[in-house]
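The structure under discussion appears below in the form of structure tokens.
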Amino acid sequence: MPSAGIAPRRAVQLAALFAMMVAFTAQLIGALLPVIPLFIAASVVNLGLDLVLQHQQPALLALLGRIRFDVTVRQLLRDILMLVGLLHIDGINPLEEQAPLTITLLAFYGTHFVCQAVAVLVRRSRSLPFVTRNIDASALGLADAPPRLLYRQTGRRLLRFSVPTTTGMMITAVTGNVFWGGIGIGVALLLSAGGTLYLSSWLLPGKQVVGEQRALAWLDNWLAAYRPTVGMYFSGGVTSAYQANMWLDTLAGLDGKPIIILRERFMVQKIEATDIPIVCIPKVAHLMRLEHSTLKALLHPANSGKTSQILRIPSIKHAFINHGESDKLSSCNPYAKAYDEVWVAGPAARDRYQLADIGIEDKDVVEVGRPQLTPIRPYEGAPIGRYTTVLYAPTWEGWDGNPGNTSVILAGENLVRALLADPSVRLLYKPHPMTGSVDLRAGAADIRIQAMIAAANARRGGALPGPEAAAELARRTAELDRLTTADFRKSADELERMRLQGTPEEGHAAAVAAAVAAWEEAYWGAFPEWEHRVITTVRPGIFACFNEADLLISDVSSVVSDYLTSEKPYAVANTSGMAEDDFRAQFPTVRAATILTPDGSGVPALLESVRDPERDVLAAARAELKEHLLGPSDPPSTVRFNEAAVQLCARADERRRRMENRLSGIPVQRSQQAATGAGTARPGSGGASDSPAAV
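Heads up: the sequence shown begins at -11 in my numbering, then just goes up one per residue.
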């Protein structure tokens, strides 16, 4: 995360902690002296601050919990201080009047702890060994979740139910009448007891889901009925879902019955809109049940620690398809040896694996093209409008600290400054979503680049689209959100979402594709042609930006390989420290690119070559490199990818037949050996054989 954002956040957190400590101190002083106005103000502010922090700074409160100052301790301390304060107020009898308040308050905390215990039981009862999506799982007894305040938000529940207590106590402090304190604590007790009873109803049989064994039996039956043939296996972190999402359309177009296998429960909602059945199986023991299914092949867009677990199933063939190809070492990971096949786009990647010498045999490398690139439109010539649209899409800094990974740190600001200096350039800046996640300098440079673009827009002017353009974008956004965003209530949990995300409507995927295309057209039409754009959201996607751009500037990454399918001009920033000739020799994807130095001095000449085709001396090289990187255009990559999947499934079928023949042949072979041995027994041996078969 950028360093520029860390300091203000820490300052806010420290200020909140300091304010809370001051509130506790003021409440104590006001209770002991007593100073009624200070006592009342500190008590109200203390509780109010905690309520606000529960929503605004939950991480800060989690830190307090680690030092044993959690929400229960804080609220109990506040209530004790209020009781102490009432002891020092004249006119309140501690034995006759305050004792009932104390007893009722203890009863309130008793119901609070009972509610916590019930919440734990309910959470356990509402947990299945798997999560599904796009599957009718109503037979599992899925019911709506309890209110989130009772079910999962322990801290917020205690604080909100304590509001009547604090209110009543403060009125008592002003009036000297304990009646109001009793009313407040009584209301809190009723809320807590009533909430506990209501939550307990989810433990009744009518709201219970099936047990683990019945649930697993249901999964086995569903797999037997659906009969999946080929699937995608994915495991990863919160920000890695894009690696799987890019393959959804390709997977849906394969022959057979596709399926998506996930390992992390949160990932079920990270997968974008698709009609493909999704099954998340967190535990290895349950994952092994896939061995007895009809699943023949699994495609892997990424390596992860959990990948080795699914590779234990010998009846399934595995192919590594990666989530993008580049000349970086991460595209030739030795882990690929674990797969039956490695699918690559074209000859360049095949050569790359052989040059890397990491143990990948050439016979296991299959060229399938890049079927996801179908939406990218081909080159149509030099820009014909007033503006040349340039897409700057740098990659992120990576894990190894190599300065050549991303241009953002060393060259980003210079490149953007040079582009903004040309009045005929419209810049689209789309940084990698993980920029700044490892190197704080990359995050800081990204912030400065965005500020430069905002300042450039402020200096520009021109015609603006009419209000109908914004209205059209809003309408298309609403339609797309309706099709792609599940409408869950706030209290919905995993099981409720499973029920709501059952079998998708027929034609849903086609409707989503049409809605995306309409949204992209409305998006580009809603902004003036002269306005630079910073694009850090999921939409518009990188391919939509490709279609809008006349020129790409990027780094050594899969973005370059994908963009080449259009055969448009592109440039790569060389921040590796290599000489240009060495840079081209080291990275085949840049052989047809204009190489830019970190100072950005080559940008003006690059723009001239884009605007004047006669100066574009790399057009033929791009066409040649495209085929080298992505393979031939005929047959299309979608066809080649599907054929590779069919053949991989056939290999799985062949193995199963061999195993069945081997297993069925063992008893026959042994019986034949036994019969032969019995027929050749020596006289006087009593019929026993001395052959190895008899032994």
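Glycine included, C-beta positions come from ideal geometry on N, C-alpha and C.
Report the rounded CA-to-CA distance for residue i versus residue j, giving the unit in angstroms.
i, j, result
"Gly450", "Ile523", "21 Å"
"Thr577", "Val591", "20 Å"
"Thr383", "Asn562", "13 Å"
"Pro371", "Trp518", "14 Å"
"Ala442", "Glu368", "30 Å"
"Ile80", "Met9", "28 Å"
"Ala711", "Thr473", "Absent from the model: residue 711. The displayed extent of the chain is -11 to 683, so no value can be given."
"Gln1", "Leu278", "48 Å"
"Cys268", "Met220", "12 Å"
"Ala73", "Arg54", "For the record, residue 73 in the displayed sequence is Gly; it is not Ala. If I take the Cα positions, the gap works out to 29 Å."
"Arg(-2)", "Ala433", "21 Å"
"Ala409", "Leu299", "53 Å"
"Lys294", "Ser228", "14 Å"
"Ile309", "Leu239", "11 Å"
Does DSSP put residue i in a helix, a strand or coil?
i, result
"Val526", "coil"
"Trp331", "strand"
"Glu519", "coil"
"Pro322", "helix"
"Gly454", "coil"
"Pro624", "coil"
"Pro246", "strand"
"Leu379", "strand"
"Phe118", "coil"
"Gly73", "helix"
"Val23", "coil"
"Gly219", "strand"
"Leu606", "coil"
"Val413", "strand"
"Ser684", "What the structure shows of the chain is the stretch from -11 to 683, and residue 684 is not part of that stretch, so it cannot be assessed."
Count the other CB atoms within 10 Å of the CB of residue i; is the residue buried (16 or more) or exposed (fewer)?
i, result
"Asn393", "buried"
"Tyr417", "buried"
"Tyr558", "buried"
"Phe167", "exposed"
"Phe575", "buried"
"Val332", "buried"
"Asp622", "exposed"
"Met70", "buried"
"Pro322", "exposed"
"His43", "exposed"
"Leu35", "buried"
"Asp427", "buried"
"Ile91", "exposed"
"His280", "exposed"
"Thr13", "exposed"
"Lys284", "buried"
"Asn649", "exposed"
"Phe768", "Not covered by the structure: residue 768. The range shown for the chain is -11 to 683."
"Trp190", "buried"
"Asp538", "buried"
"Ser546", "buried"
"Asn209", "exposed"
Residues in the same chain with beta-carbon distance under 7 Å from residue i, minus the five sequence neighbours each way, listed in chain order, please.
i, result
"Thr700", "With the chain running from -11 to 683 in the structure shown, residue 700 is simply not present."
"Arg202", "none"
"Thr362", "Thr626"
"Arg144", "Gln42, Leu137"
"Arg436", "Glu401"
Give every residue of the same chain whose Cβ lies closer than 6 Å to the Cβ of residue i, excluding the five residues on either side of it in the sequence, and list them in chain order.
i, result
"Val413", "Thr376, Val378, Leu407"
"Ile123", "Pro265"
"Ser319", "Glu313"
"Gly18", "Leu26, Phe27, Ala30"
"Arg365", "Asn535"
"Ala125", "Met486"
"Ser701", "As displayed, the chain neither begins before -11 nor continues past 683, which places residue 701 out of reach and without an answer."
"Tyr380", "Tyr417, Ile541"
Apart from the five residues just before and just after residue i, which ones in its own chain have a Cβ nearer than 8 Å to its Cβ?
i, result
"Phe476", "Glu484, Arg485, Leu488"
"Gln657", "Because the pLDDT at Gln657 is just 47, under 50, the model does not fix this residue reliably, and the value given afterwards should be weighed accordingly. Contacts found: none."
"His616", "Gly334, Pro335, Ala336, Pro576"
"Asp328", "Lys305, His306, Ala307, Asp352, Leu636, Arg639"
"Arg603", "Glu596, Ser597"
"Arg114", "Ala133, Trp190, Val197, Asp481, Glu482, Leu483"
**Prompt:** Enumerated in chain order, which unbroken segments of the alpha helix (DSSP H) with a length of 4 residues or greater are wholly contained in the stretch 128 to 163?
**Reply:** 136 to 139, 142 to 163
**Item:** Within the stretch 341 to 368, ranges of the alpha helix (DSSP H) (whole runs, at least 4 residues)
**Value:** none
**Asked** What are the start and end residues of each continuous alpha helix (DSSP H) run of 4 or more residues lying completely inside the stretch 503 to 583, in chain order?
**Response** 530 to 536, 546 to 551, 568 to 574
**Request:** Return the chain-ordered ranges of every beta strand (DSSP E) run that is complete within the stretch 255 to 329 and spans a minimum of 3 residues.
**Result:** 266 to 268, 285 to 288, 305 to 308
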